Ligand SMILES: NC(=O)c1ccc[n+]([C@@H]2O[C@H](COP(=O)([O-])OP(=O)(O)OC[C@H]3O[C@@H](n4cnc5c(N)ncnc54)[C@H](OP(=O)(O)O)[C@@H]3O)[C@@H](O)[C@H]2O)c1
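Residue numbers (this note's numbering): 482 to 683.
Right under this line is the structure:
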């Protein structure tokens with residue numbers, strides 16, 4: 482679908498994060514927890530495409546591309562990293578962008594826009610905020626880690642009138658998960674009631 486700008490294509494933007502009880506998401510430059518199945522869920526979501534040759538664009542801040550090297554390069558993905566200070570893109574990062582709109586533009590204008598299927602916003606806090614504020618972001622995926630962890634980085638506040646929690650979402654396991662004694666559940670928020678129909682898939 483082409484958007485109002487003649488050369489810009491609508492691309493669904495999804496925010497994906499995991500936060501513990503106090504909305505903490507990070508500590509000491511890493512995740513506060515080690516939950517391999519939760520990480521697998523993240524990987525499955527961000528790397529899934531519906532047709533061969535399609536790619537997802539991963540958008541992240543400079544400190545949030547913490548994916549173990551054995552998974553890199555990320556299958557079916559291109560990575561756009563945001564930084565005002567880096568002078569070159571790190572290994573496995575295809576695009577270095579000075580701001581969020583530039584990253585979105587890369588994924589939504591020719592020629593990459595023809596290949597990109599979805600845009601995934603994977604953090605950190607400022608990038609999450611920009612993703613949630615973007616009109617193309619209709620869903621976000623937030624794993625609720627139901628424990629307290631020491632954290633120095635937090636998920637930004639979001640408007641729970643704008644984004645409301647869905648009861649269920651296709652492909653997302655429902656109910657409480659448990660790993661290493663830590664309980665969590667996969668949540669999906671939507672901003673648009675038409676997407677809450679059970680047969681809506683991404
Ligand atoms: N639990 C989760 O779901 C999750 C997800 C992601 C990250 N985390 C955690 O969060 C922590 C990292 O967070 P962080 O605060 O360091 O965030 P970050 O966004 O990874 O890194 C911040 C840096 O990225 C650049 N940046 C971010 N937004 C930008 C923008 N809009 N435009 C230009 N540059 C931008 C800036 O670099 P310059 O200073 O070079 O300009 C900024 O100093 C880690 O502990 C990580 O594990 C957790």
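All residues carry an ideal CB built from backbone N, CA and C; glycine is no exception.
Quick caveat: nothing in here was measured; it's all calculated off a predicted structure.
Between which two residues does the alpha helix (DSSP H) harbouring residue i extend?
i	result
residue 583	581 to 589
residue 607	606 to 614
Starting from residue i, follow the beta strand (DSSP E) in both directions and report where the run begins and ends.
i	result
residue 619	618 to 626
residue 665	663 to 671
residue 660	658 to 660
residue 599	597 to 602
residue 576	576 to 578
residue 496	494 to 500
residue 647	Segment: none, residue 647 is in no beta strand (DSSP E) and carries neither H nor E.
residue 560	558 to 563
Of the choices the options, whose alpha-carbon is the least far from that of residue i?
i	options	result
residue 594	528, 654, 535, 520	535
residue 636	613, 618, 642	613
residue 525	546, 661, 510, 555	555
residue 430	519, 523, 626	Since the first and last residues shown for the chain are 482 and 683, residue 430 lies out of range.
residue 521	549, 579, 648, 542	549
residue 574	581, 560, 623	560
residue 558	585, 622, 596	596
residue 623	671, 511, 564	671
residue 693	628, 652, 654	For residue 693 there is no data in the structure shown, the boundaries of the chain being 482 and 683.
residue 425	615, 519, 489	No answer is possible for residue 425: the residues shown for the chain start at 482 and end at 683.
residue 546	618, 498, 493	498
residue 488	579, 589, 553	589
residue 544	530, 570, 646, 533	570
residue 610	598, 581, 645, 630	581
residue 630	500, 642, 523, 540	500
residue 643	601, 533, 621	621
residue 538	523, 532, 552, 562	562
Going by beta carbon distance, what residues of the same chain come within less than 8 Å of residue i, once the five residues before and after it are set aside?
i	result
residue 634	505, 506, 507, 508, 605, 606
residue 673	619
Quick one: what's got a C-beta closer than 6 Å to residue i's C-beta in the same chain, skipping five residues either side?
i	result
residue 632	505, 508, 513
residue 516	660
residue 482	Summary for residue 482: the model assigns pLDDT 47, below 50, so the residue's position carries little reliability; its value from the coordinates is reported in the next sentence. Closer than 6 Å at the Cβ level, and outside the excluded window around residue 482, lie 491.
residue 639	613
Going by the C-beta, is residue i closer than 8 Å to any heavy atom of ligand 3?
i	result
residue 606	In the structure on display, ligand 3 does not appear, and the ligands it does have are ligand 1.
Quick one: residues in its chain with C-beta nearer than 7 Å to the C-beta of residue i, no 5 flanking neighbours on either side, listed in chain order?
i	result
residue 567	543, 577
Every unbroken alpha helix (DSSP H) inside the region 502 to 556 [4 residues or more]
517 to 528
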